[in-house]
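Protein sequence lines, in the order shown, are assigned to chains A and B. Per this note's numbering, the first sequence starts with residue 80, numbered consecutively. Per this note's numbering, the second sequence starts with residue 1090, numbered consecutively.
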Amino acid sequence: MSVALQIIDIVKDSMQIDYSIDIDTALLGAVPEFDSMAVVTVLTSLEESFGIMINDDEVDASIFETVGALVSFVEGKV
Amino acid sequence: MLKEKSENTPVTFHTGTPFFLEHSSRRLFSLLFNASPGVAFKGVILHFPAFGEEMNKSRAMVVLQARAMSRQGFTVLVPDYFGTGDSSGDFSEASWRIWLEDMRYCLGWLQNLADGPVILWGLRLGALMALELAAELECKYSQLVLWNPVFQGEQYMLQFLRLRLANNMMSGEIKNKVADLEQQLEREGVLEVAGYELSTLMFKEIVARKAITLDIPQAQKIFLVYVAPTIKSLPAPVQALVDQWLAADVSVETGQVVGPQFWTTQEISQVDELIERTVDWFKTVIEPSH
């Protein structure tokens, strides 16, 4: 599975939504379900699924703007 | 024509009896689910709740499981930790030591109520506390049920502090780091995270907890279930711990269930398969005691 598809799954699971989302879907501030608990769940899932460590100083609102921004962030780390 | 009433019409033992367990001037709000009178009595179960908001989110699932077990012939006690839920005290006054002492008391209370096998059933951080109590008591006859256990307190606290970072990020406040929060906690003695006043003492106690250092009695039977939205193998640290137990001749069975992680989800969610799998495991390990 591509990084993008995996991330789409992780984001959907974290918010428990069943409608489809794609690379262009805006997250932070746009989807009400995307709250602080969802952010933490996404960070933890990304670390577990991709075997990466995410440092606090990398966590910034910009990486949660859209699904695509999150994909670019992870691709830069794997 | 009127349909006949279903045989599954709820009866009193399904709802759980709310009461306060008083101990060391602490009042613990508890729900007691008495074993169904219609079946052979099989034992007592003590639930160790999850931490913080995870406890609130998982309440419905815990009650459903407790009901299912009472129908199977178990008496189940579900307490709220001191400083949480409807128990007395403030969260900031709570500590791991107090919680563990209270759970020890609850266990004794249950054992006074009825003889029979003793089962400790923990969710998330509660599973780590159940393991600690099991290691301490060296019960020859006890079973442990662990739902998505937290095995490393340090990693868990990191995730908990991240909630605060995420909140800050979303409200556009000054960015800080977990290390800054730890310093603030040290300096001020308490830190508010997602509505919970975490004390320095509690933080340090949880950080120091590691399942891998606990000496689990050989006679222990453990059922570890991992719920995740998609099927994955068990996370590496969980698998490492399971392997360590197996090497020490502790009987461990693991199970994986696909479903929402109900202790974190936005909406209260239910995972029926988890309840069924847990009930099934009990059927294989516990015989009616009389």
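Think of the CB as a built atom: it goes at the ideal place given N, C-alpha and C, for glycine as much as any other residue.
Leaving aside the five residues before and after residue 1157(B) along the sequence, list all residues of the same chain whose C-beta is less than 6 Å from its C-beta, in chain order.
Counting from one through the second sequence, the residue named residue 1157(B) turns up at place 68. Closer than 6 Å at the Cβ level, and outside the excluded window around residue 1157(B), lie 1364 and 1368.
Just tell me which of 1121(B), 1164(B), 1155(B) and 1168(B) has its CA closest to the CA of residue 1115(B).
Taking the first residue of the second sequence as 1, we reach residue 1115(B) at position 26. Closest by alpha carbon: 1168(B).
Determine the burial state of residue 1095(B): buried for a count of at least 16 other Cβ atoms within 10 Å of its Cβ, exposed for fewer.
Counting from 1 along the second sequence, the entry for residue 1095(B) is found at position 6. Here the model assigns residue 1095(B) a pLDDT of 42, short of 50, so the residue's position is not dependable and the matter cannot be decided.
How is the beta strand (DSSP E) around residue 1370(B) delimited, first residue to last?
Within the second sequence, the letter at position 281 stands for residue 1370(B). Per DSSP, residue 1370(B) belongs to no beta strand (DSSP E); it is in the alpha helix (DSSP H), 1361-1374.
Do residue 1197(B) and residue 1138(B) count as a contact pair if the criterion is CB distance below 8 Å?
For the purposes of this step, residue 1138(B) is taken as the residue at position 49 of the second sequence. For the purposes of this step, residue 1197(B) is taken as the residue at position 108 of the second sequence. No.
Short of 7 Å in beta carbon distance, which residues of its chain neighbour residue 1102(B), apart from the five on each side in sequence? Order them along the chain.
Stepping through the second sequence from its first residue, residue 1102(B) is reached at position 13. Confidence at residue 1102(B) is low in this model, with a pLDDT of 45, below 50, so its placement is unreliable and the value that follows should be read with caution. 1122, 1123, 1125 and 1159.
Rounded to the nearest angstrom, what separates residue 149(A) and residue 1185(B) at their Cα positions?
Taking the first sequence and counting its residues from 1, the one referred to as residue 149(A) is at position 70. Taking the second sequence and counting its residues from 1, the one referred to as residue 1185(B) is at position 96. Going from the Cα of residue 149(A) to the Cα of residue 1185(B) covers about 37 Å.
Within 10 angstroms of the Cβ of residue 1309(B), are there 16 or more other Cβ atoms? Answer buried if so, exposed if not.
For this step, residue 1309(B) is matched to residue 220 along the second sequence. When all chains shown are included, residue 1309(B) counts as buried.
Give a yes or no on whether the minimum CB-CB distance between residue 99(A) and chain B is below 8 Å.
The count along the first sequence starts at 1 and reaches residue 99(A) at position 20. Chain B, which has no Cβ nearer than 8 Å to the Cβ of residue 99(A), makes this no.
For residue 1244(B) and residue 1296(B), what's the separation of their Cα atoms in angstroms?
For the purposes of this step, residue 1244(B) is taken as the residue at position 155 of the second sequence. For the purposes of this step, residue 1296(B) is taken as the residue at position 207 of the second sequence. Distance between the alpha carbons of residue 1244(B) and residue 1296(B) is about 8 Å.
Hey, does residue 107(A) have any beta-carbon neighbour from chain B nearer than 8 Å?
Locating residue 107(A) in the first sequence gives position 28, counting from the first residue. Closer than 8 Å: yes.
For residue 1341(B), decide whether its Cβ has a neighbour in chain A, counting only Cβ atoms nearer than 8 Å.
Walking along the second sequence from the start, residue 1341(B) turns up at place 252. Not an interface residue.
Per the DSSP calculation, residue 1325(B) is bridged to which residue(s)?
Within the second sequence, residue 1325(B) is the residue found at index 236, counting from 1. In the DSSP output, where bridge partners are listed per residue, residue 1325(B) has none listed.
According to the Cβ coordinates, are residue 1279(B) and residue 1181(B) closer than 8 Å?
One-based indexing of the second sequence puts residue 1279(B) at position 190. One-based indexing of the second sequence puts residue 1181(B) at position 92. Contact: yes.
Measuring alpha carbon to alpha carbon, tell me which of 1334(B), 1345(B), 1312(B) and 1292(B) ends up nearest residue 1373(B).
As a position in the second sequence, residue 1373(B) is number 284, starting the count at 1. It is 1312(B) whose Cα lies nearest to the Cα of residue 1373(B).
Classify residue 138(A): buried if its beta carbon has 16 or more other beta carbons within 10 angstroms, exposed otherwise.
Indexing the first sequence from 1 puts residue 138(A) at position 59. Under this definition residue 138(A) is a buried residue.
Residue 94(A) CB to nearest chain B CB: under 8 Å?
In the first sequence, the residue the question calls residue 94(A) occupies position 15. Closer than 8 Å to some Cβ of chain B, the Cβ of residue 94(A) qualifies, so yes.
Do you know how far the Cα of residue 1194(B) is from the Cα of residue 1132(B)?
Here residue 1132(B) corresponds to residue number 43 of the second sequence, with the count starting at 1. Here residue 1194(B) corresponds to residue number 105 of the second sequence, with the count starting at 1. Rounded to the nearest angstrom, the two C-alpha atoms are 17 Å apart.
Please classify residue 1108(B) as buried or exposed, where buried requires at least 16 other C-beta atoms within 10 Å of its C-beta.
Residue mapping note: residue 1108(B) aligns to position 19 of the second sequence, counting from 1. Exposed is the call here.
Between 1238(B), 1106(B) and 1192(B), which has its C-alpha nearest residue 1350(B)'s C-alpha?
Locating residue 1350(B) in the second sequence gives position 261, where the first residue counts as 1. The shortest C-alpha separation from residue 1350(B) is found at 1238(B).
List the residues of chain A whose Cβ lies closer than 8 Å to the Cβ of residue 1322(B), in chain order.
Along the second sequence, read from residue 1 onward, the residue named residue 1322(B) stands at position 233. In chain order: nothing, as chain A lies at least about 11 Å away.
List the residues that DSSP assigns as beta-bridge partners of residue 1299(B).
Numbered from 1 along the second sequence, position 210 holds the residue referred to as residue 1299(B). Paired residues: 1241(B).
Looking at the C-beta of residue 1267(B), does it have a partner C-beta in chain A at a distance below 8 Å?
In the second sequence, counting from the first residue as 1, residue 1267(B) sits at position 178. By this cut-off, residue 1267(B) is an interface position.
Using CA coordinates, which residue listed in 84(A), 93(A), 143(A) and 147(A) is at the minimum distance from residue 124(A)?
Counted from its first residue, the first sequence places residue 124(A) at position 45. It is 93(A) whose Cα lies nearest to the Cα of residue 124(A).
8 Å is my cut-off, CB to CB: does residue 151(A) come that close to chain B?
Taking the first sequence and counting its residues from 1, the one referred to as residue 151(A) is at position 72. No, residue 151(A) lies away from the interface with chain B (no Cβ there is under 8 Å from its Cβ).
Which residues in chain A sit within 8 Å of residue 1192(B), going by Cβ to Cβ distance?
Counting from 1 along the second sequence, the entry for residue 1192(B) is found at position 103. What residue 1192(B) touches in chain A: nothing, since even the nearest Cβ is about 26 Å away.
Could you please tell me which residues of the region 1351-1363 of chain B, in chain order, have their CB closer than 8 Å to any CB of chain A?
Cβ contacts with chain A come from 1353, 1354, 1355, 1356 and 1358.
Do the region 1317-1325 of chain B and the region 1248-1264 of chain B make contact, defined as three or more Cβ pairs closer than 8 Å?
Too few Cβ pairs lie closer than 8 Å, so no.
Using beta carbons (cut-off 8 Å, strictly below), is residue 1150(B) in contact with chain A?
Residue numbering aside, residue 1150(B) sits at position 61 when the second sequence is read from its first letter. So no, residue 1150(B) is outside the interface.
Buried or exposed: which applies to residue 154(A), given that a residue is buried once 16 or more other Cβ atoms fall within 10 Å of its Cβ?
As a working mapping, residue 154(A) is identified with position 75 in the first sequence. By the neighbour-count rule (16 or more Cβ atoms within 10 Å), residue 154(A) is not buried but exposed.
Taking 8 Å as the threshold, find out whether the region 1208-1222 of chain B comes into contact with the region 1134-1154 of chain B through three or more Cβ pairs.
Yes, they touch.
Please compile the residues from chain A whose C-beta is within a distance smaller than 7 Å of the C-beta of residue 1319(B).
Stepping through the second sequence from its first residue, residue 1319(B) is reached at position 230. Residues of chain A passing the Cβ test: 88.
Under a three-way DSSP split, which group does residue 1439(B) fall into?
In this structure chain B extends from 1090 to 1379, so residue 1439(B) is not present and cannot be described.
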